[in-house]
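Residue numbers (full-length UniProt numbering), protein chains in the order written: chain A, 1 to 239; chain B, 1 to 239. Below is one structure; the comments refer to it alone.
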DNA sequence: CGAGATGTTGAACGGTTTCAACGTCTGTGG
DNA sequence: CCACAGACGTTGAAACCGTTCAACATCTCG
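Here is the structure:
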């Protein structure tokens with residue numbers, strides 16, 4: 001079940017056989033969701049944490065004026081609401097951006113393995129810390145980057161994160177996200193998002209047609225976006 | 001030493017005498033910083049985590065075009081770079097927004113107490129999770145709120161967080177931050193930030209002169225900002 | 001008193017949103 | 001198989017908001 005989680009964690013540090021076994025032996029509950037489905041509701045108090053196994057998901061905050069902001073994209077291997085273990089009440093919703101397979105593990109069991117295997121506990125902790133690092137970067141993008149760079153940055157980040165779990169092939173990956181959803185991710189209007197994506201295409205660094213994105217010139221794209229992958233912690237070292 | 005940390009944690013859950021003692025017996029190293037000083041450098045690999053004891057600090061990301069974005073404000077009691085324990089390389093800097101007292105604790109010791117006292121470990125974990133929640137909200141503010149609401153939101157949040165550590169008196173608190181820093185916080189130009197702060201003053205909900213902010217009408221202000229404190233987890237419950 | 005940082009103002013410019021329309025694609029039912 | 005509906009993508013034009021530039025005011029501190 002948690003193969004993508006293994007890949008996500010082992011990219012950052014070694015997992016012992018015992019730790020892998022502890023993860024595998026959690027009483028996972030598997031569910032599938034359709035495009036647009038709500039996986040966890042805002043204000044709910046989950047007793048399980050969810051791991052994205054397949055598909056694409058996002059965190060979503062709804063504002064009173066009807067506007068929506070997506071605050072994160074999640075790829076397979078992401079332990080999406082691990083923090084629910086400590087934060088109790090969800091301050092945002094998690095939704096499927098595409099058909100998803102999601103595995104749920106009870107907080108009680110997660111708490112137990114984290115206490116019994118402190119290093120594994122730290123690795124879980126690390127998932128939340130990386131999430132936070134991603135969000136810090138996102139704030140910098142929203143505040144101080146022009147739309148073209150911001151969207152280029154989004155492509156870079158999704159590319160690297162999907163690559164960790166083997167979902168990039170020859171520079172191409174599936175990205176089943178509408179322009180309206182991209183707009184809610186980057187905080188722009190749909191129209192301007194559309195024009196910016198066209199501008200990105202015109203740069204020649206990427207092809208982005210339908211649900212497929214192909215990166216032709218990684219160096220050019222990451223230079224444009226000033227993308228430095230340090231914050232993704234893609235280095236294998238003791239933690 | 002870690003009185004503010006106690007307050008910050010005990011607002012969310014009970015600490016046992018043993019846990020308090022474990023925190024107190026860490027080999028803290030105290031340092032002071034002046035206004036604008038760098039507390040931790042971008043790209044550094046700290047071996048200690050820092051707790052803000054007194055003053056005001058911020059996380060800062062510098063972009064190639066010279067622009068700067070502040071991604072978080074930190075108040076006394078905040079364990080600012082706890083995540084450094086797991087993330088190894090700092091992807092941003094931490095700077096003093098005002099004269100600060102900062103206490104450093106070695107990662108080795110933090111790792112030890114977290115392993116020996118799992119509940120305390122979770123409480124530390126929680127600090128990072130709350131930080132992440134704050135940042136998620138910040139993303140929503142940047143993407144989908146107009147400047148007036150955004151700055152009103154900033155005031156609401158700082159108010160509530162300072163209140164936890166007893167730094168609000170009769171609706172008033174010290175906020176020694178220049179308008180240029182506010183601009184880097186909310187991602188606007190200095191000029192527009194200035195005009196927006198004037199607009200906020202004109203609303204009558206707050207007085208904001210020099211380093212002092214006084215909230216006259218909390219209900220009005222939080223309604224304007226659509227401020228819902230759920231994400232701050234100011235509820236005392238087992239975690 | 002003077003220098004430098006901070007706060008404030010006006011005006012022009014430019015980027016983004018909004019509105020409205022049309023094009024394109026896909027899946028469904030007649 | 002075609003017609004149609006509905007979702008998604010694209011385009012143009014006007015209005016609006018935020019930035020930029022430049023100047024001046026104010027405050028603090030040596």
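Even glycine gets a Cβ: it sits at the ideal position worked out from N, Cα and C. Just so we're clear, the structure is a prediction, and the values are computed from it rather than from any experiment.
At a Cβ-Cβ threshold of 8 Å, residue 165 of chain A and residue 76 of chain A count as neighbours. Counting C-beta pairs with one atom in each stretch, the segment 46-63 of chain A and the segment 184-200 of chain B have fewer than three that are closer than 8 Å, which means they do not touch.
Annotation: residue 27 of chain A is outside any alpha helix (DSSP H) and is labelled neither H nor E by DSSP. For residue 191 of chain B, the uninterrupted alpha helix (DSSP H) run begins and ends at 190-203, by DSSP. Distance from the Cα of residue 50 of chain B is smallest, within the candidate group B/142, B/237 and B/5, for B/5.
For residue 239 of chain A, the three-state secondary structure derived from DSSP is coil. Around the C-beta of residue 132 of chain A, 16 or more other C-beta atoms lie within 10 Å, and the residue is accordingly described as buried. Under the Cβ criterion of 8 Å, residue 46 of chain B is not counted among the residues facing chain A. When C-beta distances to chain B are compared with 8 Å, the residues of the segment 131-162 of chain A below that value are 131, 132, 133, 135, 136, 137, 138, 139, 140, 142, 143, 144 and 145, in chain order. Within the same chain, and ignoring the five residues on either side of residue 167 of chain B in sequence, the residues whose Cβ sits closer than 8 Å to its Cβ are 75, 76, 173 and 174. The three-state reading of DSSP puts residue 222 of chain B in helix, counting H, G and I together. Following the DSSP letters along the chain, one finds residue 47 of chain A in no alpha helix (DSSP H), marked with neither H nor E. Counting only the Cα atoms, residue 182 of chain A lies some 11 Å from residue 191 of chain A. Of the candidates B/85, B/71 and B/108, B/71 places its Cα closest to the Cα of residue 139 of chain B.
Runs of the beta strand (DSSP E) spanning 3 or more residues and lying entirely within the segment 80-165 of chain B occur at 93-96 and 100-106, in chain order.
Within chain B, 129, 132 and 133 have C-beta atoms less than 8 Å from the C-beta of residue 83 of chain A, given in sequence order. Residues of chain A whose Cβ lies closer than 9 Å to the Cβ of residue 233 of chain B are, in chain order, 86, 87, 88, 89 and 91. Residue environment: residue 18 of chain B is assigned as exposed (fewer than 16 neighbouring CB atoms within 10 Å of its CB, all protein chains considered). Interface residue (Cβ-Cβ distance to chain B less than 8 Å): residue 226 of chain A is classified as such. Residue 129 of chain B counts as buried, since no fewer than 16 other beta carbons sit within 10 angstroms of its beta carbon. A contact between stretches requires three or more CB pairs, one per stretch, nearer than 8 Å, and the segment 81-99 of chain B fails this requirement with the segment 29-48 of chain A. For residue 108 of chain A, no Cβ of chain B is located within less than 8 Å of the residue's own Cβ. At the C-beta level, residue 103 of chain B and residue 9 of chain B stay beyond 8 Å of one another. In the DSSP assignment, residue 180 of chain A falls within the unbroken alpha helix (DSSP H) covering 179-186. Judged by beta-carbon spacing, residue 22 of chain B lies within the 8 Å limit of residue 117 of chain B, meaning their Cβ atoms are closer than that value. C-alpha of residue 224 of chain B to C-alpha of residue 218 of chain B: approximately 10 Å in a straight line. Residue 186 of chain B and residue 101 of chain A have their C-alpha atoms roughly 36 Å apart. Per the DSSP secondary-structure output, residue 209 of chain B pairs in a beta bridge with B/212. In the structure shown, residue 57 of chain A falls within a strand segment according to DSSP collapsed to helix, strand and coil.
In the three-state reduction of the DSSP assignment, residue 4 of chain B falls in the helix class, which pools H, G and I. Here residue 160 of chain A is actually not in contact with residue 82 of chain A; their C-beta atoms are around 20 Å apart, not less than 8 Å.
Taking every protein chain shown into account, the CB of residue 189 of chain B has fewer than 16 other CB atoms within 10 angstroms, so this residue is exposed.
Boundaries cannot be given for residue 15 of chain B, as no beta strand (DSSP E) includes it and DSSP labels it neither H nor E. Its chain contains 150 and 153 as the residues whose beta carbon lies nearer than 6 Å to that of residue 141 of chain B, once the 5 sequence neighbours on both sides are disregarded; these appear in chain order. When secondary structure is reduced to three states using DSSP, residue 63 of chain B falls in the coil class, being assigned neither helix nor strand. The residue among A/66, A/235, A/107 and A/222 with its C-alpha nearest the C-alpha of residue 155 of chain A is A/222.
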